[in-house]
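Comments concern the structure below.
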Amino acid sequence: MNTDLELFARNWAKVYVLPMEDGFKGAYDIERDAIYLSDRLTDVQHKCVLAHELSHARHGDCGCRNGHDAAELRADIEAARMLIDQADYMNAERCCDNPSWIASELGVTPDLILAYRCWLHDTIPNFYQNNLVD
Ligand SMILES: [Zn+2]
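Numbers in our numbering are just positions in the sequence shown, counted from 1, shifted up by 222.
Encoded structure:
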């Protein structure tokens with residue numbers, strides 16, 4: 223695979239696809255400046271995990287921390303924003319509110335739909351609050 227995302231990622235880290243233990247989809251190694259992706263991912267998982275790890279590389283994070291801290295949510299939100307077109311998301315959500323269905327329609331994983339919704343939830347109210355007209 224040699225997508226625009228992969229070319230962009232190579233500006234931030236070396237990218238390796240290799241066998242990984244069960245349960246591991248990817249990782250960012252700050253010491254080696256390397257992103258590792260499991261060779262068992264589907265194409266959709268591959269691009270979503272690459273975008274997530276790319277976010278860690280861009281911020282110099284010390285790898286994933288079991289999905290329980292702000293860096294993990296930020297990585298998911300940034301991955302979602304890299305991969306989801308807002309107009310496509312709006313059109314999909316008008317058809318069906320189910321995150322799994324929307325994910326399938328947009329070619330991303332459901333967790334990125336949930337992260338995108340977190341971003342929308344935090345951004346849209348702020349947008350209106352900052353642009354209130356008396
Ligand atoms: Zn992570």
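Built from N, CA and C at the ideal position, the CB exists for glycine as well.
Going by the beta-carbon positions, is the gap between THR331 and CYS270 smaller than 8 Å? yes
Completely contained alpha helix (DSSP H) runs for the region 236-296, where each covers 4 or more residues: 265-281
Determine the extent of the alpha helix (DSSP H) in which CYS317 is found, giving its start and end residues. 308-317
Answer yes if the region 298-306 comes into contact with the region 257-265, meaning at least three C-beta pairs across the two stretches below 8 Å, and no otherwise. Touching, no.
Would the region 263-283 and the region 324-340 be scored as touching if the rule is three or more Cβ pairs under 8 Å? yes
Compute the minimum distance between the beta carbon of HIS274 and the heavy atoms of ligand 1, and state whether it is under 7 Å. yes
Per-residue DSSP class, three states only, for TRP323: Helix, per DSSP.
Spatial neighbours of PHE246 within its chain, please: C-beta separation below 7 Å, excluding the five flanking residues on both sides. SER260
So for ARG303, helix, strand or coil by DSSP? Residue state, collapsed to three classes: helix.
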